[in-house]
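These notes are about the structure you will find just below.
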Amino acid sequence: MSLDTRTTRTGPALLHPAYKKRMRLADTLQILCVASVAIVIAIFLADGGAARFSTPADAFTSLGIVAGLVGTDLLLVMLVLAARLPPVDRAFGHDQAMAVHQSLGKPALYLILGHAVLLITGYALAENVNVFIEAWNMFTGLPDMPLAFLGLALMIGVVVTSLVVVRRKFRYEAWHAVHLLAYLSVLVAIPHQLSVGGLLSEGAIARYYWLALYVAVAAALILFRFLLPVVRSLRHQLRVASIEQVAPGVVSITLTGRKLQQLRATSGQFFIWRFWAHGLWWQAHPFSLSSAPSGRGLRITVRGLGDASRQLPQLARGTRVSFEGPGVWTWAVGPCSDSPDSCGFCLL
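Residue numbers for the sequence shown follow the working numbering, beginning at 292 and rising by one.
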């Protein structure tokens, strides 16, 4: 996994204090991601894992355990990248963070699939039975295993529908609804990790680390994906003030609210908008500010490309709007100041 934090600019900008601060933050986050993978492998080795390769059955089982640990860790990293954490967005830009999130989908799925196949094969060799019989025995005989199989099936569905060739056949709203099942796939897989096998057994230090990892990721998601947007939307009370058609199929929507200067937004930054109107309230979409915001209002310009965006011209004045943001795309800091806010963003 690598996040490219370099910019194409040269000269003084590369020595800019804000740029160097961003580089330090990016390096720290990347080190933490790599360290998280190293830690789960170290957990396996500390539990005597290196000695569990003496027979083919033990080798398959041990490799399956490692694949499950690393695959789950990558899933949690993906959730963090998608959680819109301010440090992640500031360091890499939300677009690049989501690009890495997407690129980790297949490796994580392959590792989780490998986890299941390798464990089933190892157990089948140890018990001298057919792998299909062993899979059924695991499904019916081990605690919480049906939930684990359900989580795997959900994960396969999420990754398959995210493939470009498949995603093009889905409306955005349908694809997004399926993608939300990723949260459920991770959640239902937790019980079997704690009830099957001895690596994460009751009282083991590894168990507390594993649980702390889940709690930290869940807290980040709840805070930055749900609670913070609700609080900020209630604070700023955005409503639709006017809608102007600027070209065929293109409208500019002006929003008014309270204390908008506290958003510290700049033109070109994106927000995730939710319009509380019939047919629109249950979905949110990213649109960028199309002009420099004033203390009195914000403006977005939208082309009607999908079902939801084509309904926006019919919004009534006064429609309530909730939001997440402002988000940060990949940006480059110039030499003119110590702050990216005063120097501006380079939107790619």
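Glycine included, C-beta positions come from ideal geometry on N, C-alpha and C.
One thing to note: L445 has its Cβ within 8 angstroms of the Cβ of L472.
For a cut-off of 8 angstroms, the C-beta gap from S543 to S558 is around 13 angstroms, too long to register as a contact.
Pairwise C-beta distances place the region 391-400 out of contact with the region 347-355, as fewer than three of them are shorter than 8 angstroms.
A Cβ-Cβ separation of about 7 angstroms places I332 in contact with V361 under the 8 angstroms criterion. For A426, the uninterrupted alpha helix (DSSP H) run begins and ends at V422 to G432, by DSSP. If you draw a straight line from the Cα of G413 to the Cα of G489, it comes to about 16 angstroms.
Relative to Q321, the option among L525, A342, L365 and G340 whose CA is nearest is L365. Contact check between the region 530-545 and the region 592-607: three or more CB pairs, one atom from each, fall below 8 angstroms, which counts as touching. Under the 10 Å beta carbon count, I496 is surrounded by fewer than 16 other beta carbons and is classified as exposed. One Cα belongs to Q536, the other to L546, and the distance between them is close to 15 angstroms.
Taking a 10 Å sphere around the C-beta of V325, we find fewer than 16 other C-beta atoms and assign the residue as exposed. Below 8 angstroms, too few C-beta pairs join the region 374-386 and the region 332-342 to call them touching: fewer than three. By the criterion of a C-beta distance shorter than 7 angstroms, L441 is surrounded in its chain by V479, once the five residues flanking it on both sides are discounted. In the DSSP annotation of this structure, the continuous segment of the alpha helix (DSSP H) that includes I496 starts and ends at I496 to L512. Residue range G396 to E418 is occupied by the alpha helix (DSSP H) that includes E418.
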